[in-house]
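Numbering (our numbering), first residue to last: 2 to 153.
Backbone N, C-alpha and C fix where the C-beta goes; we use that ideal spot for every residue, glycine too.
Treat the numbers as computed from the prediction; the structure is a model and nothing was measured.
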Amino acid sequence: MSWSPAIYKFVDGGDIPVLMDQATVRAVLEPYDIGDPQRTERPDGTMEFWVRAPTGGEAEMLVDEYGILVERPTVGGVFDIVAELLSRLGAVALRPSDSVAVCRAEEHPHLPPAMREDALVIEMTGGALEYALTGPHLRRKEHSRPGRRGAA
């Protein structure tokens, strides 16, 4: 089973994500892409990057004009790359476990109203993003569900 945060950009509280600047996506991801450059651009116009951070960590990034799926990010510097991408795009990450938005203060007012209350506003660094998406607070919540057995 894969674990994949999603990246979207919202404007003025609209419920539908808006187009993302594909040149910015390329500028941030291409320096870290270790995949086959011939396969980056797909026939349907989507892009695929296999990103590896110099300090460790990697993820596959599946990109279309409205969103980015961060497939199986591993711990390490890959979250620094994702944080840079979010900051430069003015976008938010959605936690795969509960679809809570993780964003900077600048993006918070642009979220759809239904997402604002539960959103996590962070300083957009790799460490803060990794913690917001994967931190131990999420694992404790998982183990505390009624009917769930196991040590917390």
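C-beta atoms of residue i and residue j nearer than 8 Å
i    : j    : result
L134 : V103 : yes
I69  : W51  : no
E61  : R53  : no
P114 : V71  : no
F80  : L130 : yes
Contacting residues, own chain, Cβ-Cβ under 8 Å from residue i (five flanking each side not counted)
i    : result
A120 : V93, V101, A102, V103, C104, H109 and L112
T47  : L63, V64 and D65
V12  : V19 and H111
Assigned secondary structure, residue i (DSSP; H/G/I helix, E/B strand, else coil)
i    : result
A54  : coil
I82  : helix
T126 : coil
E108 : coil
Y67  : coil
A133 : helix
L121 : strand
Cβ neighbours of residue i in the same chain (closer than 6 Å, five flanking residues each side left out)
i   : result
Y67 : P18
N-terminal and C-terminal residue of the alpha helix (DSSP H) that residue i is part of
i    : result
A115 : P114 to R117
V29  : Q23 to L30
Run of the beta strand (DSSP E) containing residue i, from where it starts to where it stops
i   : result
Y9  : A7 to Y9
V93 : V93 to L95
Contacts around residue i, its chain only, beta-carbon distance under 7 Å, and the 5 residues preceding and following it disregarded
i   : result
T25 : R89 and L90
> Does the pairing of the region 27 to 40 with the region 123 to 134 give three or more beta-carbon distances under 8 Å?
Replying inline: The region 27 to 40, when compared against the region 123 to 134, does not touch it at the 8 Å Cβ threshold.
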